[in-house]
Amino acid sequence: MRLGTRKLLDKAFSGLGLMAIALMAMALVLILTPIIWRGSKAYLFKGTIEHRRVMLEQFGRGDAKAFNRETRQAAEARAPVYRMLEEFEAEMKAMDRTVRRNYKDAYGEVEEALHVLLGPRPGKRTPVLLRQQYGQTRWDRTMVKLHEVLYATEWDYSTPGAMGVQIEKPRVDQFRGTRLEPLFDYLPAHIDEMMRPRTTFYWRFITDTSKDSHIFGGIWPEVLGTIYLTLGAMLFAVPMGVIAAVYLCEYAKEGRIISFLRICISTLAGVPSIVFGLFGLAFFLNTIHVSDSKSVLAGSLTLSLLVLPTIIRSSEEAILAVPRSYKEAAFGLGAGRWRTVLTVILPAALPGILTGIVISMGRAAGETAPIIFTAAVSVGMPLKLWETMNQPTPALPWNIYNLCTEHEAVDEIRHVQYGMVLTLVALVLLLNLAAITMRARIAKKLRG
Amino acid sequence: MAQSPSKSLVMSDAASLRLRLGGWLGQGLLFLVTSLSTFAVFFIFYFIFKDAVPFFKLEGTREFFTSTRWYPSGHPPEFGALPIMVGTGLVTLGAVVVAVPLGIAAAVCLSDLLPFRMRQVVKPVIEILAAIPSVAYGFFALVVFATVLQNHGGSVLSIGAWLVLGPVFFLLVMVAGDLLLDRLKHMLPKPRLAGAVIFPALGILAFLVLRQIAARLAGIEISSGTNALNVSIILGIMALPTVVSVSEDALQAAGRELREGSYALGATRAETLVKAVIPASISGILAAVILGVMRAIGETMVVWMASGNAARIPEPWYNVLQPVRTLTATIAGDMGEADHVTGSARFHVLFAMAACLLAFSFAMNLASELIVKRSRKKLGK
Amino acid sequence: MNDDITLRRFDQFAEHNDSAQEAETHIEAREFSLFYGNFEAVRKVSLQVPKRMVTAMIGPSGCGKSTLLRSINRMNDLIPSTHASGQMIFDGHNIYGRNIDVVTLRSRVGMVFQKPNVFPKSIFDNVAYGPRLQGVKNRQQLGEIVETSLRQAAIWDEVKDRLNTNALGMSGGQQQRLCIARALAIKPEILLMDEPTSALDPKATAKIEDLIGELREAYTIIIVTHNMQQAARVSDLTAFMYEGVLVEFGNTKQLFTNPDNPQTENYITGRFG
Ligand SMILES: Nc1ncnc2c1ncn2[C@@H]1O[C@H](COP(=O)(O)OP(=O)(O)OP(=O)(O)O)[C@@H](O)[C@H]1O
Ligand SMILES: [Mg+2]
């Protein structure tokens, strides 16, 4: 080849490598951006008066006096809407039966959409379901629901053979000439006064329980469940893992048995997480019956097996990094083996061991598959500590899955889903950040 | 400076015995704990296979491995897991296609091309990618990526083609042009002029081909965003950190002498890497690929959420735009219903699948251990 | 000719040099051998180390000095596949015999290593490590022990204001003296030193050598060194080893000026080693 080409190829090669890195970074940004951006909106959003109503009535939070004043103002703004409805209902009554039938269904839809938007009509009986007792709590959802009041969606099958196309028709066309017609101008013009949006920082999202399966409220049961599961897993995995690491590094003589143990550990590290879940079901629940049904305990045990290899390996690494001379010094001063391990080796290896533990905590907090069959339920209250022994719990990873695939109102609670994902990712990344800084500090210490 | 009356050096027989016994006991206890935590793996194998065997006893092995009909709740139930295995294979293959070239290129970049400072910036990116929980990836795949694919599938594909094929075509043009020049050198009177013609000509040709491909792709409509392509890309991204960090270690282990030797012979950096460093560390890179495959094959949440979960073999089998179903997702999805019928074939078939997964990952793990061990021996460490 | 050179090279000797023969024996090796697997690193060595004297061990690299030294407090137990034969008598007992309490042995025989190996703890905790092992819990008592040990090691004035700072922040020479203080804090009878100054600069070395001169009043010291001037400067007795065998052992002055064995002579005149 010619030298020029070789140089060019060299450059191109470097370019390829850089591009790979750039793609990787891009992937990270692309994934994290929507999670962070939309997830933050679970905490910081424009809340309507209905949000404040939920807070006051369901969580007993907020200034009742100010709220009442606000309600009065909102009611004033809403009054014309309900007057129009009444007038139109009277008008309908006076109508011919055949004419009335034309309007009845369309009007029913409007009434229902208005209910969803503003909450129950004053004077009517309070609905049973919590979600029907309130209007839209968030301004973004308000706009969506307003749109649904103003437009009816229909499917257009006019082109034969092709898929149906969704089209939107203004409802106002259905009510031309009636007393309801002005409603469709009034609503968009006065939605602000009716809903009174205000920027709301809802940090309690993380500490509030959920109401009516996540339609209102926060994610505390999930957060708490995740904390229980993670700490529980550590409770079992850390002592086992550290002891195993100490044994492997300090006591065991290299040989057949040890290399066999090592193979076992690396095999354990390679077991797919869903298999851990099945094992937890088959062993902890169906064989030794640690609890009657799914429980935090069973989930923690399963998770602890999952993180065990990580903890063993990182602890081993940390222990092997302790200079041999420390050990000699301790022995020379008359310390026994056990004393040496406890007073010199473990303290010196502690930062490294902690790093491994913190990373495994992140792993345990984020794992879903092992807890599906052993610990997780979709709906539940925050557990008391002793209840963890025999009760299942909601947990962030499982409920993220559950809310975005199995919930009956998937689209209505996107913000909750994003909020959960953000919370989980933030939790895990914070743990990792702690580990990274810890490691940097160790590296610095070792350097000088 | 007075020395206290010193303790006797000799212990009584009893004390000595106690000490020795204590030592043995302590060590035995440690060994017990250690082996308990390592023998967990045997427990796992035992309990999975124990519940898998009844399935094969009830239904035999033939249908499971060869039939394409998966109707576990039908009357009579049918347990053909072939489409599920094909689905698993397909998304794993897809993940490998995404993760391996990118991962190795990134590893090379990290170990040899980037200055130290930049490396400190890139390392956290990899660590974060590795740390993000799989359910978050799954959420992204289902809620964001699937929607984008479904609504703008064509443009996503063509942008992807430009991004990936562009640089590749560029390299191809350079190499092909150079080879052509070498061939024609003797026949042409003015080689320099020939170069000025050949390279642009090839370049334009490549550009046209690429544009054609991109246009083709842009015309594709994706009927469902939850499909094998979606999952493959996300799984690929998830497997990237493993591939990058393990192969970077392998590349580093090749050592400086090797590189210096190659440079001293007048090789460029790219030649040094491609002809000396990568061949020397090929076994480590292979191990990285295996670990990446294991990561992809064992992943549950992403495939469960975003693969579409259709238990049939795509038509044709490599059509990644169709929904598929994997072993892990089947276990996760069906156990909820099957759990009520403990003891039925429907329950045990899931364990049979887990057993397949377990056997496969065990074999992979052993293979990677062997490869690493052998390469270590070769390097004399 | 040789005599001239040796005399000129070794003109500084320790003062109490001549009383060596009269002192009582503190530790004695009888036909002592130590094996690493099959390799006999120390071969049938017999010697008597007198009490409250400084005994130096010299010899070419790999001749087994460290091995012999570490045999005295059984540090070699740490290395798998070592075993000993013969006897090492201390306090009337063979320390390789039955029912020997190794922990007590090591707390009566202190050791200082080639590289300073302070723990990553505070200065105070470093020195207090040994006493704490022996069950001293009282803070005041510990404080006293720490202070006397640090004074003995001639480092008290330098560190008394920062006893609670991490010991890793000290200079190499200070760390080594801290290691000596740490060894003294367990109130040993014998102090083993394996090339204690080889990692230090000349100034720090001089300080340690002065220190050894002071400590010999109270302790039996055995020091391994590669530096023959150092051996001559600090020791009363010198042992010369070669390939695991104790070639010559005797009064330092005599060994350096008028060695009996031609091998010794060759070594100290610099013909090999
Ligand atoms: N842990 C070990 N395993 C096997 N052989 C060893 C071990 N430690 C030392 N040896 C061998 O024993 C012999 C004596 O070693 P030793 O460390 O006692 O020598 P030394 O005189 O202290 O040398 P130096 O002056 O270099 O410190 C050497 O040949 C050495 O190779
Ligand atoms: Mg030595």
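Protein chains in written order, with this note's numbering: chain A, 1 to 448; chain B, 1 to 381; chain C, 1 to 273.
Yeah, the Cβ is synthetic: ideal placement off N, Cα and C, and Gly gets one too.
Next on the checklist: As a quick check of your reading: which residues have a C-beta less than 7 Å from at least one non-hydrogen atom of ligand 2, in chain order?
Outcome noted: C:Lys65, C:Ser66, C:Gln114, C:Asp194, C:Glu195, C:Val224
Checklist entry - Should Met75 of chain C be flagged as near chain A, meaning a C-beta pair shorter than 8 Å? => result yes
Checklist entry - Within 10 angstroms of its Cβ, does Lys145 of chain A collect 16 or more other Cβ (buried), or is it exposed? => result buried
Checklist entry - Which residue spans inside the segment 51–104 of chain C form an unbroken alpha helix (DSSP H) run of at least 4? => result Listed in chain order, they are 65–72.
Checklist entry - At a Cβ cut of 8 Å, what residues of the segment 253–282 of chain A count as close to chain C, listed as they run along the chain? => result Lys253
Checklist entry - Are the beta-carbon atoms belonging to Ala185 of chain C and Val127 of chain C less than 8 Å from one another? => result yes
Checklist entry - Nearest chain A C-beta to Leu78 of chain C closer than 8 Å, yes or no? => result Taking 8 Å as the threshold, the shortest C-beta distance from Leu78 of chain C to chain A falls below it.
Next on the checklist: I'd like to confirm something about Gly332 of chain A: is its beta-carbon nearer than 7 Å to some heavy atom of ligand 1, or not?
Outcome noted: No, the beta carbon of Gly332 of chain A sits no closer than 7 Å to any heavy atom of ligand 1.
Item to check | Where Asn227 of chain C sits in the DSSP three-state scheme | outcome: coil
Item to check | Rounded C-alpha distance that separates Phe119 of chain C from Pro309 of chain A | outcome: Rounded to the nearest angstrom, the two C-alpha atoms are 29 Å apart.
Checklist entry - Are any of the Cβ atoms in chain B nearer than 8 Å to that of Thr405 of chain A? => result yes
Item to check | Sheet register partners of Leu342 of chain A (DSSP bridge) | outcome: Its beta-bridge partners do not exist; DSSP assigns none.
Checklist entry - My guess is that Leu333 of chain A and Tyr129 of chain C are in contact by the Cβ rule of under 8 Å, so how many angstroms apart are they, rounded? => result 6 Å
Next on the checklist: Output needed in chain order: residues of the segment 86–98 of chain C with a Cβ under 9 Å from some Cβ in chain B.
Outcome noted: Residues are counted here when their Cβ sits less than 9 Å from a Cβ of chain B; for the segment 86–98 of chain C these are Phe90, Asp91, Gly92, His93, Ile95, Gly97, Arg98, given in chain order.
Checklist entry - Is the beta carbon of Cys249 of chain A sitting closer than 8 Å to the one on Glu316 of chain A? => result yes
Checklist entry - What does a CB cutoff of less than 8 Å around Arg196 of chain A pick up in its chain, not counting 5 residues either side in sequence? => result Thr48, Ile49, Glu70, Gln73, Ala74
Next on the checklist: Quick check on the burial criterion: 16 or more other C-beta atoms within 10 angstroms. Buried or exposed for Met187 of chain B?
Outcome noted: exposed
Next on the checklist: With a threshold of 6 Å on Cβ separation, who are the neighbours of Val112 of chain C within its own chain once the five nearest residues in sequence on each side are excluded?
Outcome noted: Cys179, Ile180, Ala183, Met193, Pro196
Checklist entry - Regarding Ile353 of chain A and ligand 1, is the C-beta to nearest heavy atom distance less than 7 Å? => result no
Checklist entry - Do you know offhand how far Phe47 of chain B's Cα is from Phe279 of chain A's? => result 7 Å
Item to check | Local conformation of Ala218 of chain C per DSSP, three classes | outcome: coil
Checklist entry - Touch check for the segment 364–380 of chain B and the segment 68–81 of chain B: three-plus C-beta pairs under 8 Å? => result No, they do not touch.
Checklist entry - For the putative contact between Ile297 of chain B and Ser368 of chain B, defined by C-beta atoms under 8 Å, what is the C-beta separation to the nearest angstrom? => result The C-beta separation of Ile297 of chain B from Ser368 of chain B comes to about 13 Å, leaving the pair out of contact by the 8 Å criterion.
Checklist entry - Can you give the beta carbon distance from Phe284 of chain A to Leu301 of chain A, rounded, assuming they're within the 8 Å contact cut? => result 5 Å
Item to check | One or two residues paired with Arg30 of chain C in a DSSP bridge | outcome: C:Gln87
Item to check | First through last residue of the alpha helix (DSSP H) which encompasses Lys46 of chain A | outcome: Looking at the DSSP string, Lys46 of chain A is not in any alpha helix (DSSP H); the run it does join, the beta strand (DSSP E), is 44–47.
Next on the checklist: Would you say the beta carbon of Phe32 of chain C is closer than 7 Å to some non-hydrogen atom of ligand 1?
Outcome noted: The answer is no for Phe32 of chain C.
Item to check | Classification of Glu144 of chain C by the beta-carbon crowding that lies within 10 angstroms, buried from 16 upward | outcome: Exposed: under 16 other Cβ atoms inside 10 Å.
Checklist entry - In whole angstroms, what is the alpha-carbon distance linking Ala250 of chain B and Tyr247 of chain A? => result 28 Å
Checklist entry - How many whole angstroms separate the CB atoms of Leu122 of chain B and Ser232 of chain B, which I take to be in contact at a CB cut-off of 8 Å? => result The sequence shown places Val at residue 122 of chain B, not Leu. About 24 Å separates the two Cβ atoms, so there is no contact after all.
Checklist entry - Where does Thr153 of chain A sit, in a helix, a strand or coil, going by DSSP? => result strand
Checklist entry - Mapping DSSP to helix, strand and coil, what is Lys44 of chain C? => result The three-state secondary structure of Lys44 of chain C, taken from DSSP, is strand.
Item to check | Which listed residue (B:Ala253, B:Ala176, B:Leu163, B:Ile237) has its alpha carbon closest to that of Arg211 of chain B | outcome: Among B:Ala253, B:Ala176, B:Leu163, B:Ile237, the Cα nearest to that of Arg211 of chain B belongs to B:Leu163.
Item to check | CB contact below 8 Å: Gly448 of chain A versus chain B | outcome: For Gly448 of chain A, the predicted model reports a pLDDT of 49, less than 50, meaning its position is unreliable; a value from the coordinates is still stated below. False, the Cβ-Cβ gap to chain B never drops below 8 Å.
Checklist entry - Which full runs of the alpha helix (DSSP H) of 4+ residues lie inside the segment 341–411 of chain A, going along the chain? => result 346–366, 369–372, 396–405
Checklist entry - In angstroms, rounded to a whole number, what distance separates the CA positions of Ala359 of chain B and Thr423 of chain A? => result 36 Å
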